[in-house]
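Residue numbers (the working numbering), protein chains in the order written: chain A, 100 to 369; chain B, 100 to 369. Below you'll find the structure, written out as structure tokens, and then a few comments.
Number of protein chains: 2
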Amino acid sequence: MAIADLDRRQALLYLASIGGIAAAGGASSLLAGTAPETPAPPPKSTLARLPWPYKALDPDAVGNRAYQDYSKAHCMYGTFEAIVGSVAEKLGAPYTDFPFEMFIYGAGGVYGWGTLCGCLNGCAAAIQVLSANPEPLVDELYRWYQTAALPDFDPKGMKFKSVHSVAGSPLCHPSIAKWCEASGKKAYSPERKDRCGVITASVARKCAMLLNDQAAGKFAPVNGVDARTKGCMGCHEKGGPLENMRSKQACAPCHSDETLAMKGHAKIKL
Amino acid sequence: MAIADLDRRQALLYLASIGGIAAAGGASSLLAGTAPETPAPPPKSTLARLPWPYKALDPDAVGNRAYQDYSKAHCMYGTFEAIVGSVAEKLGAPYTDFPFEMFIYGAGGVYGWGTLCGCLNGCAAAIQVLSANPEPLVDELYRWYQTAALPDFDPKGMKFKSVHSVAGSPLCHPSIAKWCEASGKKAYSPERKDRCGVITASVARKCAMLLNDQAAGKFAPVNGVDARTKGCMGCHEKGGPLENMRSKQACAPCHSDETLAMKGHAKIKL
Numbered sequence: 100m101a102i103a104d105l106d107r108r109q110a111l112l113y114l115a116s117i118g119g120i121a122a123a124g125g126a127s128s129l130l131a132g133t134a135p136e137t138p139a140p141p142p143k144s145t146l147a148r149l150p151w152p153y154k155a156l157d158p159d160a161v162g163n164r165a166y167q168d169y170s171k172a173h174c175m176y177g178t179f180e181a182i183v184g185s186v187a188e189k190l191g192a193p194y195t196d197f198p199f200e201m202f203i204y205g206a207g208g209v210y211g212w213g214t215l216c217g218c219l220n221g222c223a224a225a226i227q228v229l230s231a232n233p234e235p236l237v238d239e240l241y242r243w244y245q246t247a248a249l250p251d252f253d254p255k256g257m258k259f260k261s262v263h264s265v266a267g268s269p270l271c272h273p274s275i276a277k278w279c280e281a282s283g284k285k286a287y288s289p290e291r292k293d294r295c296g297v298i299t300a301s302v303a304r305k306c307a308m309l310l311n312d313q314a315a316g317k318f319a320p321v322n323g324v325d326a327r328t329k330g331c332m333g334c335h336e337k338g339g340p341l342e343n344m345r346s347k348q349a350c351a352p353c354h355s356d357e358t359l360a361m362k363g364h365a366k367i368k369l
Numbered sequence: 100m101a102i103a104d105l106d107r108r109q110a111l112l113y114l115a116s117i118g119g120i121a122a123a124g125g126a127s128s129l130l131a132g133t134a135p136e137t138p139a140p141p142p143k144s145t146l147a148r149l150p151w152p153y154k155a156l157d158p159d160a161v162g163n164r165a166y167q168d169y170s171k172a173h174c175m176y177g178t179f180e181a182i183v184g185s186v187a188e189k190l191g192a193p194y195t196d197f198p199f200e201m202f203i204y205g206a207g208g209v210y211g212w213g214t215l216c217g218c219l220n221g222c223a224a225a226i227q228v229l230s231a232n233p234e235p236l237v238d239e240l241y242r243w244y245q246t247a248a249l250p251d252f253d254p255k256g257m258k259f260k261s262v263h264s265v266a267g268s269p270l271c272h273p274s275i276a277k278w279c280e281a282s283g284k285k286a287y288s289p290e291r292k293d294r295c296g297v298i299t300a301s302v303a304r305k306c307a308m309l310l311n312d313q314a315a316g317k318f319a320p321v322n323g324v325d326a327r328t329k330g331c332m333g334c335h336e337k338g339g340p341l342e343n344m345r346s347k348q349a350c351a352p353c354h355s356d357e358t359l360a361m362k363g364h365a366k367i368k369l
């Protein structure tokens, strides 16, 4: 065996001993002691392999962590870090090196744009990282969010008594508007800020429950499509005679019977 | 110097020579030759430090790459990978190990929900990873998207002649509905699928231009808030007498003068 191979073996054994090699496959092939004629491609970090191995989570602990995370970097970071960070801690490096803080961008429906609720954006990202079958979990979580009176969980350290409201939508803008209406508080008040922290806790907790259920083979969706939305979809969604839009959102909150009638829309068949 | 220290030095020099050490700080302290009494915490991967060092990009190349990426994993992955993947390739490991494929979740406004356009979700994530001052770039990109006739770029390999439309919104659902109206094509047609690939190219290209401008110190926003939206915000946004919602989206496309009048809303002061 040549000196070069000894060096390589020493290097790899040493790095393996201090946990510095993420790609065991690459290490073992080099340790076999023969230098391949064509260099193998560099081993990919396990970060690049999805889904990560899932470890069942304590939903209440996830909720409490999400509430704390919200105060650090808002709603999207809050749900994503509470769920994926909790799994990453159980797995160790390289999972703990994920740049979690990148998800600060989802705050207020992306830097205050009021589009997708950051809690739901973070959860969809988390589900994608942790589930081999993400879509049913996203669908269930989003349908629950748009129809449930939330928040449904009181995280440790919350500052105000919760006022419950139904968003009617997965979007930040109507979610906050509905809460302002229910609470009588302003959109930039301390109460609203804390409410979004508590919603972050509530949504992360629900997401952890869904991930746990799927991992245990007992996930069963309970939130279906409402009759009015089904009626709209019959014409406008895939396979309908018009097929002129795409959406899984409930239609009525934005397209009420009144506004449709004003535009000369025929009565929707339910 | 003890044998153990020689082994350590050889190991680290070897790994450094093949590019296997991400944490130069950890390597250099070990190479100093003295074993600390208390082990240092494991070095954080540079992935966890944001923003990544930015390298100016060729916007047309980013657009072409985004179009190809769209065919692999849809719109959010398309813009994010084309931008951040292009920078990652210039930086090498560990940046190339980022789990890019996680962003498949944003397709069709998150698994077909029609919320935030996946191109814009991916770009906001990319801007967060690459910019030290993300918000002005997100605002400019989103305002451009909701008012411009898009697509404004023809990527290599596109399958159909572009039909231009104005989304009026950063959301997927109205963006596709407006395009279906303009083109007369269906929402699940091959033409619509290709249109979203071309939009992915167009948005990624614009985002690269904005990142380049900011990195060169010459970024200047040109897309302002329209007068109608300013009129709404005067009452409903931060500091207004109602302050009962949060949004930067244009108001009129969802809240038309007609629907407001129907609800007894007074005429908006412009």
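Cβ coordinates follow ideal geometry from the N, Cα and C atoms, glycine included.
One thing to note: Y169/B has its Cβ within 8 angstroms of the Cβ of G296/B. Interface flag for N343/A against chain B is set, since a Cβ pair is found closer than 8 angstroms. Spatial neighbours of N163/B in its own chain (CB-CB distance under 6 angstroms, excluding positions within 5 residues in sequence) are listed in chain order as P254, K255. CA-to-CA, the gap between G267/A and E280/A works out to about 13 angstroms.
For the options S230/A, C334/A, V321/A, the alpha carbon positioned closest to that of P150/A is the one of S230/A. In the three-state reduction of the DSSP assignment, L229/A falls in the helix class, which pools H, G and I. Listed in chain order, the non-local C-beta contacts of T195/A below 6 angstroms within the same chain comprise A187, local neighbours out to five positions each way being set aside. Cα atoms of S185/A and C216/A: separation of roughly 22 angstroms, rounded to the nearest angstrom. DSSP places I182/B in no alpha helix (DSSP H); its state is neither H nor E. From the beta-carbon of W243/A, no residue of chain B is found nearer than 7 angstroms; the closest lies around 13 angstroms away. Out of Y244/B, K292/B, V302/B, A300/B, the CA that lies nearest to the CA of G323/B is found in Y244/B.
In this model, E336/B and K329/B are separated by some 9 angstroms (Cα to Cα). Assignment of beta-bridge partners to S264/A by DSSP yields L249/A. Close to I275/B, with beta-carbon spacing below 8 angstroms, are these residues of chain A in chain order: M344, R345.
Identification of chain A residues near V302/B by a Cβ-Cβ cut-off of 7 angstroms yields none; the smallest Cβ-Cβ distance measures about 14 angstroms.
For S282/A, the uninterrupted alpha helix (DSSP H) run begins and ends at 271 to 282, by DSSP. Under the DSSP assignment, A314/B falls in the alpha helix (DSSP H) whose first and last residues are 289 to 314. A straight-line Cα-Cα distance of about 28 angstroms links V237/B and K284/A. A Cβ of chain A is located within less than 8 angstroms of the beta carbon of P198/B. In terms of Cβ geometry, F259/B and R304/B do not form a close pair [threshold 8 angstroms]. With a cutoff of 8 angstroms on beta-carbon distance, G208/A and L270/A are scored as near each other. For L190/A, the three-state secondary structure derived from DSSP is helix. Contact note: L149/A reaches chain B through P198, E200, M201, using a C-beta cutoff of 7 angstroms and chain order. In the structure shown, the three-state DSSP call for L359/A is helix. Among the residues facing chain B, K285/A is included, as its CB has a counterpart in that chain under 8 angstroms away. Buried is the label assigned to L240/B, since at least 16 other Cβ atoms lie within 10 Å of its Cβ. Judged by beta-carbon spacing, Q313/B lies beyond the 8 angstroms limit of H272/A, meaning their Cβ atoms are not closer than that value. Leaving aside the five residues that flank S274/A on each side, the residues in its chain whose CB is nearer than 6 angstroms to its CB run, in chain order, C216, A266. Note on geometry: alpha-carbon atoms of K154/A and T358/B lie some 49 angstroms from one another.
Taking the Cα positions, V302/B is about 34 angstroms away from D325/A. Annotation: Cβ neighbours of M361/A in chain B (cutoff 9 angstroms, chain order): E357, T358, M361. Listed along the chain, the chain A residues whose CB falls inside 7 angstroms of the CB of G213/B are R345, S346, K347, Q348. Between the alpha carbons of P250/B and S355/B lies a distance of about 25 angstroms. For the segment 214 to 233 of chain B, the residues whose beta carbon sits under 8 angstroms from a beta carbon of chain A are, in order, T214, L215, L219, N220, A223, A224, I226, Q227, V228, P233. With respect to the 8 angstroms criterion, R345/B and G211/A are classified as neighbours on the basis of their beta carbons. Not flagged as an interface residue toward chain B: K292/A, since no C-beta distance is shorter than 8 angstroms.
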